[in-house]
Amino acid sequence: QQQVKQSPQSLIVQKGGISIINCAYENTAFDYFPWYQQFPGKGPALLIAIRPDVSEKKEGRFTISFNKSAKQFSLHIMDSQPGDSATYFCAAPRGSTLGRLYFGRGTQLTVWP
Amino acid sequence: DAGVIQSPRHEVTEMGQEVTLRCKPISGHNSLFWYRQTMMRGLELLIYFNNNVPIDDSGMPEDRFSAKMPNASFSTLKIQPSEPRDSAVYFCASRTGTVYGYTFGSGTRLTVV
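From first to last, the protein sequence lines are chains E and G.
Residue numbering for the first sequence follows my numbering, starting at 1 and increasing by one per position.
Residue numbering for the second sequence follows my numbering, starting at 1001 and increasing by one per position.
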């Protein structure tokens, strides 16, 4: 059972453009929604996270938008750069405590120069 | 801080052989997770330890898989006997009890031929 559904599977964006990745979740008990960034040959690294009591969180060029009623959240990368080319994972907690995570299937982002 | 350290980085073994993957979590982190990443199934949680005690091993695919955490600074994931379908990248991650985000290691790429 896929608790977190992520789309698109792959995304190609021109340098300077906006990259948008979407996730939908099932369990309304989730209380933390992180995004991870993974470069080839590396493990995923925490990029940005949001709690459901806010609708948006921005850190530099990265913004999470959260829609609690629709049970959806998205990652926006403004002014996308070739260095942003990576695989991005959304995630949500697994279980009510202790921060175990369900991960989405990932989005492979390619930013063309 | 050296981060989460995994060894070996790459492992190639023949079907039927025993494979042992190793992980050293970040000092002070009291939770440790083993994940497997494949193209078909994405990131799957195999097992999770809290304070060296296995909490949830429901993701361990078969009895061929076993994991131990004899102390706070070391964990192993063993596959015996290994099969070609076990080929994947295996990640170890750790976290403290007060921080939601995980820190992942760089992974072990296992190839079973």
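Using N, Cα and C, we set each Cβ at its ideal position, and we do this for glycine too.
All figures in this text were calculated on a predicted structure; none of them were measured in a lab.
Assigned secondary structure, residue 31 of chain E (DSSP; H/G/I helix, E/B strand, else coil)
coil
*asked:* Taking the straight line between their C-alpha atoms, what separation do you get for residue 1076 of chain G and residue 113 of chain E?
replied: 42 Å
Shorter than 8 Å from the beta carbon of residue 42 of chain E to some beta carbon of chain G? yes
As assigned by DSSP and simplified to three states, the class of residue 1086 of chain G: helix
| message | Can you tell me whether residue 83 of chain E is helix, strand or coil according to DSSP? | response | helix
* Count the C-beta pairs between the stretch 1030-1044 of chain G and the stretch 70-79 of chain E that are closer than 8 Å, then say yes if the count reaches three, no if not. => no
When you compare only the Cα positions, how much space is there between residue 1025 of chain G and residue 33 of chain E? 23 Å
Item to complete: Could you confirm whether any beta carbon from chain G is found closer than 8 Å to the beta carbon of residue 115 of chain E?
Response: The question about residue 115 of chain E has no answer, for chain E in this structure spans 1 to 113.
Query - DSSP bridge partner residues for residue 88 of chain E (one or two, in chain order) - result: E:37, E:107
With respect to the beta strand (DSSP E) encompassing residue 1096 of chain G, which residues constitute its N-terminal and C-terminal limits? Unbroken run through residue 1096 of chain G: none, as it is neither H nor E.
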